[in-house]
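**Student:** Attaching a single structure in structure tokens format; questions to follow.
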Amino acid sequence: MGDVIVWPNEIGAVTICYPTGELPLDEVLAKDCPAGAIIISALSLPQNQGVFFEAWELNNGSVAVNLEKAKQIGHTIRRAERAKEFAPLDIKATIPAEAAAAEAARQVIRDKYSAIQSQIDAAQSPDEIKAALGIN
């Protein structure tokens, strides 16, 4: 892997330009990239953190994962997964004969995702957030 061009984008993350090699990087930088774009080694990009791509930030010439943004992304994933588990129980909760069992099952799901929420909140790295979510 060679060099890439990076710059902060409108959502506060990072845009990455992977040049094709048809033009020298300096030309691509001058021709196609906004002010503030810089050339860095592709090897310096966060590894195995694609799930948190929108949390990547450019700081002092390097790209790193913003932990607070990664936690927000983790919570969004957590809420979506919890909703998937709740979905089959939503109908059962409206059936009188199944309502109590559905609510008990829903409480198990609430407890599970409450523990995951606490793990995400306490995480000190993107890898810990991924572990809490069960993402490799």
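Residue numbers (the numbering used here): 1289 to 1424. Ideal Cβ placement from N, Cα and C applies to all residues, glycine included.
Okay, do the segment 1298–1309 and the segment 1340–1347 touch, 3+ Cβ pairs below 8 angstroms being the bar?
**Tutor:** With the cut-off at 8 angstroms, the segment 1298–1309 and the segment 1340–1347 touch.
**Student:** Which residue's Cα is closest to the Cα of residue 1296: 1324, 1408, 1353 and 1410?
**Tutor:** Considering only alpha carbons, the answer is 1324.
**Student:** Is the beta carbon of residue 1336 less than 7 angstroms from the beta carbon of residue 1345?
**Tutor:** Their beta carbons are not under 7 angstroms apart, which means residue 1336 does not touch residue 1345 by this criterion.
**Student:** Can you tell which of 1294, 1311, 1421 and 1309 has its C-alpha closest to the C-alpha of residue 1367?
**Tutor:** Of the listed residues, the one whose Cα sits closest to residue 1367 is 1421.
**Student:** Which residues mark the beginning and the end of the beta strand (DSSP E) in which residue 1329 is found?
**Tutor:** Residues 1326–1329.
**Student:** Is residue 1322 near residue 1316, with beta carbons less than 7 angstroms apart?
**Tutor:** In this structure, residue 1316 does not lie closer than 7 angstroms to residue 1322 by Cβ.
**Student:** In its own chain, which residues sit with a C-beta less than 7 angstroms from the C-beta of residue 1329, not counting the 5 before and 5 after it?
**Tutor:** Counting only Cβ-Cβ distances below 7 angstroms, and skipping sequence neighbours, we find 1291.
**Student:** From what residue to what residue does the alpha helix (DSSP H) around residue 1350 run?
**Tutor:** No alpha helix (DSSP H) contains residue 1350, which is instead part of the beta strand (DSSP E) from 1350–1353.
**Student:** Note down the Cα distance separating residue 1348 from residue 1358, rounded to an integer number of angstroms.
**Tutor:** Computed Cα separation, rounded: 19 angstroms.
**Student:** Which of the three DSSP states is assigned to residue 1313 in this structure?
**Tutor:** Correct three-state label for residue 1313: helix.
**Student:** Once you ignore the five residues that flank residue 1374 on each side, which residues in its own chain have a CB closer than 8 angstroms to its CB?
**Tutor:** For residue 1374, where only same-chain residues beyond five positions count, the Cβ hits under 8 angstroms are 1394 and 1397.
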